[in-house]
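Trainee: Okay, here's the structure, questions in a sec.
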Amino acid sequence: MKVIGLMSGTSADGIDAALTEIKGRGGETKIKLIAFETYPFPRKVRKMILDASDPKTARVDRICQLNFYLGELFADAALRIAEKSGLGIRKVDLIGSHGQTIHHLPQEKKEGRYKIRSTLQVGEPSIIAERTGLTTVADFRPRDIAAGGEGAPLSPYLHYLLFPHNKKGLAVQNLGGISNVTVIPARATINDILAFDNGPGNMLIDGVVERLTQGRARYDKHGRRAAKGEVDRGLLKQLLKHPFIHQAPPKSTGREEFGSKLIEDIIKRAGRKKMPTTDLLATLTAFTAHCIGISFEKFILPRYQLAEVVVGGGGVRNPVLMLMLRERLKPVRILTFEDYNLSSDAIEAMAFALLAYETIQGRPGNIPAATGAARPVVLGKIVPGATP
Ligand SMILES: Nc1ncnc2c1ncn2[C@@H]1O[C@H](COP(=O)(O)OP(=O)(O)O)[C@@H](O)[C@H]1O
Ligand SMILES: [Mg+2]
87 MKVIGLMSGT SADGIDAALT EIKGRGGETK IKLIAFETYP FPRKVRKMIL DASDPKTARV
147 DRICQLNFYL GELFADAALR IAEKSGLGIR KVDLIGSHGQ TIHHLPQEKK EGRYKIRSTL
207 QVGEPSIIAE RTGLTTVADF RPRDIAAGGE GAPLSPYLHY LLFPHNKKGL AVQNLGGISN
267 VTVIPARATI NDILAFDNGP GNMLIDGVVE RLTQGRARYD KHGRRAAKGE VDRGLLKQLL
327 KHPFIHQAPP KSTGREEFGS KLIEDIIKRA GRKKMPTTDL LATLTAFTAH CIGISFEKFI
387 LPRYQLAEVV VGGGGVRNPV LMLMLRERLK PVRILTFEDY NLSSDAIEAM AFALLAYETI
447 QGRPGNIPAA TGAARPVVLG KIVPGATP
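Here is the structure:
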């Protein structure tokens with residue numbers, strides 16, 4: 087099957103569209119990337135997403151509008167990637183769309199006699215199906231939550247298929263807005279996989295750059311600002327007390343824990359110390375690397391022997407972050423997806439193409455060991471394409 091995967095991560099930087107070819111089943115499933123592109127969000131759309139994600143600024147009428155607007159943008163992304171590949175949308179069989187997370191509340195909260203966990207992704211799949219004529223699978227996370235899981239992470243299944251799981255143990259480390267890791271032990275079966283969110287990825291760095299440049303820059307390009315600064319040990323130590331970092335997996339997180347509230351608080355603390363922006367960014371980059379380091383020391387290295395950590399996601403383009411991560415994880419070897427001939431940017435979108443492929447054939451896509459769900463479940467909601 088030719089399947090398009092659509093994804094926009096917590097960075098809300100743009101829509102990743104991956105056109106893939108998938109065949110086989112179970113451990114024999116093969117997935118090949120045919121074409122990939124990120125379609126960046128215009129500044130205004132990004133602001134709509136961030137406003138809708140923050141309880142302080144969110145408005146239900148705007149969320150309603152945003153859901154359908156993003157549906158159009160996701161549909162455009164699908165049409166464009168099919169065009170770019172030279173195949174055209176009519177040669178494509180299926181779409182898997184993650185949507186845009188605007189809220190994720192994986193901690194159980196009591197409501198009457200129920201314990202509720204919840205998550206909300208927008209980007210209406212009915213619009214995608216209508217514009218493309220293709221059956222569209224979306225909303226993958228809720229079913230895993232219904233089965234007792236966190237609804238995240240969902241990319242470990244793809245990681246398991248793409249990376250060798252024979253002689254050596256390895257970890258796949260994604261550096262998106264949030265960072266998440268998948269551990270594939272030596273000779274692992276799918277039930278041996280450990281996966282969880284480590285904590286912030288680029289989110290705090292992006293947030294501070296954006297705020298302190300009044301939106302002129304959106305991220306610390308090539309880590310240039312952090313490279314000029316020095317890590318403030320005091321602030322770093324304080325930040326490392328964040329409870330999420332020390333919480334045992336399964337766990338997942340997002341803007342709720344590492345978004346605007348924490349960013350404003352950090353900017354205030356740095357202001358009181360009269361800390362230069364470059365020092366603050368060096369500190370936050372170190373914090374990001376340390377969160378990952380701590381999670382390895384606490385939850386991974388005591389249990390698994392790892393030959394290497396393979397890193398992907400937008401953070402790979404930040405050499406300061408990569409250097410700090412290398413130092414922090416020493417002596418474990420650090421590679422990137424590119425060393426495996428894979429794209430650092432495309433993996434997450436490919437994961438949702440794969441999950442749609444499984445769903446449409448009635449097969450589960452979650453890994454209970456990763457999400458904490460009670461059982462494997464078929465994920466998502468299916469919107470039929472055009473009827474012939
Ligand atoms: N050239 C670069 N230099 C530094 N950071 C970069 C660069 N390119 C991308 N990034 C970082 O990667 C982020 C996007 O990563 P991505 O994997 O798309 O995250 P998400 O899955 O959360 O959308 C950007 O917000 C930015 O922080
Ligand atoms: Mg992204």
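Just so you know, we're using the working numbering here: the sequence shown kicks off at 87 and counts up by one.
Just so you know, even glycine gets a beta-carbon here, dropped at the ideal spot from N, CA and C.
Give every residue of the same chain whose Cβ lies closer than 8 Å to the Cβ of residue 129, excluding the five residues on either side of it in the sequence, and list them in chain order.
Mentor: Within the same chain, Cβ atoms closer than 8 Å to the Cβ of residue 129 are found at 301, the five residues on either side in sequence being excluded.
Trainee: Residues bridged to residue 189 by DSSP?
Mentor: Residue 189 is bridged to 206.
Trainee: Which one of 243, 263, 201 and 262 has the shortest CA to CA distance from residue 233?
Mentor: 201
Trainee: Could you check whether the Cβ of residue 403 sits closer than 7 Å to any heavy atom belonging to ligand 1?
Mentor: yes
Trainee: Classify residue 464 as helix, strand or coil using the three-state DSSP reduction.
Mentor: coil
Trainee: Taking 7 Å as the cut-off, is the C-beta of residue 284 nearer than that to any heavy atom in ligand 1?
Mentor: no
Trainee: Can you tell me the Cα-Cα spacing of residue 161 and residue 136, whole angstroms?
Mentor: Distance between the alpha carbons of residue 161 and residue 136 is about 21 Å.
Trainee: Is the beta carbon of residue 291 sitting closer than 8 Å to the one on residue 367?
Mentor: yes
Trainee: So does residue 481 have its beta carbon nearer than 7 Å to some heavy atom of ligand 2?
Mentor: Any question about residue 481 goes unanswered here, given that the chain covers just 87 to 474.
Trainee: So, using beta-carbon positions, are residue 167 and residue 98 closer together than 8 Å?
Mentor: The criterion of a C-beta distance shorter than 8 Å is not satisfied by residue 167 and residue 98.
Trainee: Please determine, among 289, 472 and 203, the residue with the shortest C-alpha to C-alpha distance to residue 401.
Mentor: 289
Trainee: Give, in chain order, every unbroken run of the alpha helix (DSSP H) that is at least 4 residues long and sits entirely within the segment 218-261.
Mentor: 227-232 and 242-248
Trainee: Where does residue 194 fall in DSSP's three states?
Mentor: strand
Trainee: Are the Cβ atoms of residue 396 and residue 249 separated by less than 8 Å?
Mentor: yes
Trainee: Taking the beta strand (DSSP E) that residue 282 falls in, what are its first and last residues?
Mentor: 280-286
Trainee: Given a cut-off of 8 Å, decide if residue 363 and residue 298 are closer than it, judged by their beta-carbon atoms.
Mentor: Result yes, Cβ atoms of residue 298 and residue 363 sit closer than 8 Å.
Trainee: In this structure, does DSSP put residue 473 in helix, strand or coil?
Mentor: coil
Trainee: In this structure, does DSSP put residue 316 in helix, strand or coil?
Mentor: In the structure shown, residue 316 falls within a coil segment according to DSSP collapsed to helix, strand and coil.
Trainee: Would you report the Cα separation of residue 280 and residue 269, rounded to the nearest angstrom?
Mentor: 5 Å
Trainee: What would DSSP say about residue 364, mapped onto helix, strand or coil?
Mentor: helix
Trainee: Considering only the beta carbon of each residue, do residue 159 and residue 188 sit closer than 8 Å?
Mentor: no
Trainee: Alpha carbon to alpha carbon, what distance is there between residue 342 and residue 276?
Mentor: 30 Å
Trainee: How about residue 448 and residue 465: are their beta carbons less than 8 Å apart?
Mentor: Taking 8 Å as the cut-off, the Cβ atoms of residue 448 and residue 465 do not count as close.
Trainee: Is the number of C-beta pairs between the segment 435-444 and the segment 409-427 that are closer than 8 Å three or more?
Mentor: no
Trainee: What's the C-alpha gap between residue 313 and residue 113?
Mentor: 43 Å
Trainee: Where residue 242 and residue 453 are concerned, what is the direct C-alpha to C-alpha distance, given to the nearest angstrom?
Mentor: 7 Å
Trainee: Considering only DSSP beta bridges, list what residue 421 is partnered with.
Mentor: 396
Trainee: Is residue 305 a contact residue of ligand 1, with contact defined as CB to any heavy atom under 7 Å?
Mentor: yes
Trainee: Specify the secondary structure class of residue 125 as computed by DSSP and reduced to three states.
Mentor: Residue state, collapsed to three classes: strand.
Trainee: Could you check if residue 308 is buried or exposed, using at least 16 other CB atoms within 10 Å of its CB as the buried criterion?
Mentor: exposed
Trainee: Rounded to whole angstroms, how far is the Cβ of residue 257 from the Cβ of residue 267, which I believe are closer than 8 Å?
Mentor: 6 Å
Trainee: Which residue's Cα is closest to the Cα of residue 459: 304, 316, 238 and 263?
Mentor: 238
Trainee: Please enumerate, following chain order, all residues with a beta carbon closer than 5 Å to at least one heavy atom belonging to ligand 2.
Mentor: Those residues, listed in chain order, are 95, 97 and 99.
Trainee: Going straight from the alpha carbon of residue 381 to that of residue 326, what length do you get?
Mentor: 11 Å
Trainee: Going straight from the alpha carbon of residue 118 to that of residue 88, what length do you get?
Mentor: 10 Å
Trainee: Indicate, with yes or no, if ligand 1 has a heavy atom lying under 7 Å from the CB of residue 135.
Mentor: no
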